[in-house]
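In the numbering used here, the protein residues as written are 141 to 809. The beta carbon of each residue, even a glycine, is placed where N, CA and C say it ideally should be. It should be emphasised that the depicted structure is a prediction, and the values quoted were computed from it without experimental measurement.
What follows is the structure, given as structure tokens:
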């Protein structure tokens, strides 16, 4: 299960109009969003999006902008699909039956209220029956097998240093706050969030039947326990070092890290194969600290903690009081939202997570054509050509390192629109029953699906996100970029738009993801996706010098009074943003070479390229969401994802007649 909000149609002159027709286009360059009195040289975001600042943020959003516009358009299409499937149904085990029954169970509020905690009671009773560390390990394993990650993280992934092999991986985890630093930050805001979190735990325990005194005592104990987990956890910046977070152990070596945890009891609880003899451990010291907690924490505290995590992770699928309590903290306190999203949208988001490729098959028929796929693949080709040129022109790189970079670039695979082979959910039992049981069944199905990858060849055709997702990614171990149909929508991509508009609007997608292959983390993986050093010491040093200039630039951005971006926490994304814009600009020039590009709507083609890029980030954000992003995200907030990339871009200055900046430096890419 994941918890993710999401993009909304806009009527330009009057502000947001929710529920606008799905076929209404959103243009890449719209003058009505701009503040032409602002200087593009001093604040390009204000110039491109200044008028948009007046658009109010709807109560059910923590931020509102172009991404929410696209999401609303996608959601309108998906809502129609879900309602039709729920109404018409289909034979047991069919796509239509799964899609329709999952949605119907989530929308049946009367049954959800009537069921209460009853569907979870066997699990809660089993937690309450734990009396020994051995039983604790087995219970933690059972919960992981249900897709409920508690105490630590566990999953199956490609081996970073042997990308042809799948391996089980253990990571730090188990926290209820967004990041370990939330447990220790000083200041009134941080202390207020911690107090609100403890109160939230107590209220949730109260909803589950605890007395007021018992709930308060339990909440205090849980917070103290999680704080100990947090103290043993690495920071976001430390987690960004793939070398330090790669520790391969013999399966038997887990007992040396944490001898008090019955590892075989944990693994056998969900059927971990006996044939698997090695595992990855991201943060060994975390598991050593966990071992101490098994020795020092009363079993009652462990029971409290596990019960709390189950309730927290399932609150959105229980009765309205649980949902509202979860929203009050996660939605309002952490993100500033004042209203819950409509129920259909909440269920849609969970269904997208549970059986997303079932939905995707129906979505792409409506929203993405084969000609659009061909056009995007052509754009990707020009980006790869541009990246080849950037590598070739990097005077700071030796020829030996460039040769390996070319090899990696040539090996990058591009997945566009939707998978060639759809995921099979045929063994997943979905029915018109308690909503939480469908959610847990889907989570357990996905856990088993991932576990089944052990001992098999890596599936290089699999997608990590659904086709209808408004997002994209680069996978370091597969060395591929994935661009779903859900993000290849207006204004980011429109078959009828100019190249200036499309290349500019997609700079934050194609150029960005391709650059991730050569950012501060991606550059450490070779052409086969292996964590392997293919850089000379001098070249690695040259990269680091340039990357540090980007970190310094973003360190200087103050998003709220006293709240600065952490340039090293966000370094990989900032390298991808700055390099991606440059890459997309050069790809645009390659795509249009030899063709006349005329001004349009008062802007030169180059100006339209940059404005389309900036308007692709137009977003109004609540202060709470800004703090959350800065405190727990590896991405910079939207405004600075415009300001940073144009800060050191000569062609941008030329396009808008800007003077030379006070300080310039060589780009990374």
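| Item | Value |
| --- | --- |
| Do residue 423 and the ligand SAH come close, with the Cβ less than 7 Å from some heavy atom? | Summarising the ligand content, the structure contains no ligands, and the ligand SAH is consequently not present. |
| In this structure, how does DSSP classify residue 445 when only helix, strand and coil are distinguished? | helix |
| With a Cβ-Cβ cutoff of 8 Å, do residue 619 and residue 657 count as a contact? | yes |
| Taking its Cβ as the centre, do 16 or more other Cβ atoms sit within 10 Å of residue 347, making it buried, or is it exposed? | buried |
| Where residue 278 and residue 538 are concerned, what is the direct C-alpha to C-alpha distance, given to the nearest angstrom? | 53 Å |
| Roughly how many angstroms separate the alpha carbons of residue 350 and residue 357, rounded to a whole number? | 10 Å |
| By Cβ distance below 7 Å, which residues in the same chain neighbour residue 224 in space, the five residues on each side in sequence not counted? | none |
| Leaving aside the five residues before and after residue 281 along the sequence, list all residues of the same chain whose C-beta is less than 8 Å from its C-beta, in chain order. | 405, 406, 407, 408, 409, 410 |
| To the nearest angstrom, how far is it from the Cα of residue 725 to the Cα of residue 749? | 8 Å |
| What is the rounded straight-line gap between the Cα of residue 545 and the Cα of residue 712? | 18 Å |
| For residue 594, which of helix, strand or coil comes out of DSSP? | coil |
| In chain order, what residues of the same chain lie with their CB nearer than 7 Å to the CB of residue 576, ignoring the 5 residues before and after it? | 259, 260, 454, 457, 458 |
| If you reduce the DSSP assignment to three classes, tell me which class residue 418 lands in. | strand |
| Using 8 Å as the threshold, is the stretch 554 to 569 in touch with the stretch 497 to 516, meaning 3 or more CB pairs across them? | yes |
| Return the Cβ separation of residue 808 and residue 687 in integer angstroms, given the expectation that the two are a contact with Cβ distance under 8 Å. | 6 Å |
| Buried or exposed: residue 371, going by 16 or more other Cβ atoms within 10 Å of its Cβ? | exposed |
| Pick out whichever of 559, 511, 606, 651 has its Cα sitting closest to the Cα of residue 490. | 606 |
| How many whole angstroms separate the CB atoms of residue 580 and residue 286, which I take to be in contact at a CB cut-off of 8 Å? | 6 Å |
| If we count Cβ pairs, one from each stretch, closer than 8 Å, do we get three or more for the stretch 318 to 331 versus the stretch 418 to 431? | no |
| Output yes or no for whether 8 Å exceeds the beta carbon distance between residue 476 and residue 255. | no |
| Taking a contact to mean a Cβ-Cβ separation below 8 Å, would you say residue 228 touches residue 246 in this structure? | no |
| Do the stretch 504 to 518 and the stretch 700 to 720 touch if we need at least three Cβ pairs shorter than 8 Å? | no |
| Between which residues of its own chain and residue 743 is the CB-CB distance below 8 Å, once the five residues before and five after are set aside? | 169, 751 |
| Cβ of residue 427 within 8 Å of Cβ of residue 310? | yes |
| Using three-state DSSP, classify residue 538 as helix, strand or coil. | coil |
| Can you tell me whether DSSP reads residue 295 as helix, strand or coil? | strand |
| Use the C-beta contact count for residue 308: other C-beta atoms within 10 angstroms, 16 or more gives buried, fewer gives exposed. | buried |
| Figure out for me which residue from 393, 295, 381, 175 has the closest Cα to the Cα of residue 659. | 381 |
| What residue from 587, 740, 778, 746 has the CA that sits closest to residue 296's CA? | 587 |
| Could you name the residues of the same chain whose beta carbon sits closer than 6 Å to that of residue 530, not counting the 5 residues immediately before and after it, in chain order? | 809 |
| Output needed for residue 682: all residues of its chain with C-beta closer than 6 Å, excluding positions within five of it in sequence on either side, in chain order. | 536 |
| Restricting to Cα atoms, I'd like to know which of 473, 685, 368, 362 is closest to residue 332. | 473 |
| Give a yes or no on whether the C-beta atoms belonging to residue 635 and residue 515 are separated by under 8 Å. | yes |
| Considering only residues of the same chain and omitting the five flanking positions on each side of residue 191, which have a CB-CB separation below 7 Å? | 172, 173, 174, 175 |
| Give every residue of the same chain whose Cβ lies closer than 7 Å to the Cβ of residue 365, excluding the five residues on either side of it in the sequence, and list them in chain order. | 437, 441, 445 |
| Can the beta-carbon of residue 759 be found less than 8 Å from the beta-carbon of residue 187? | no |
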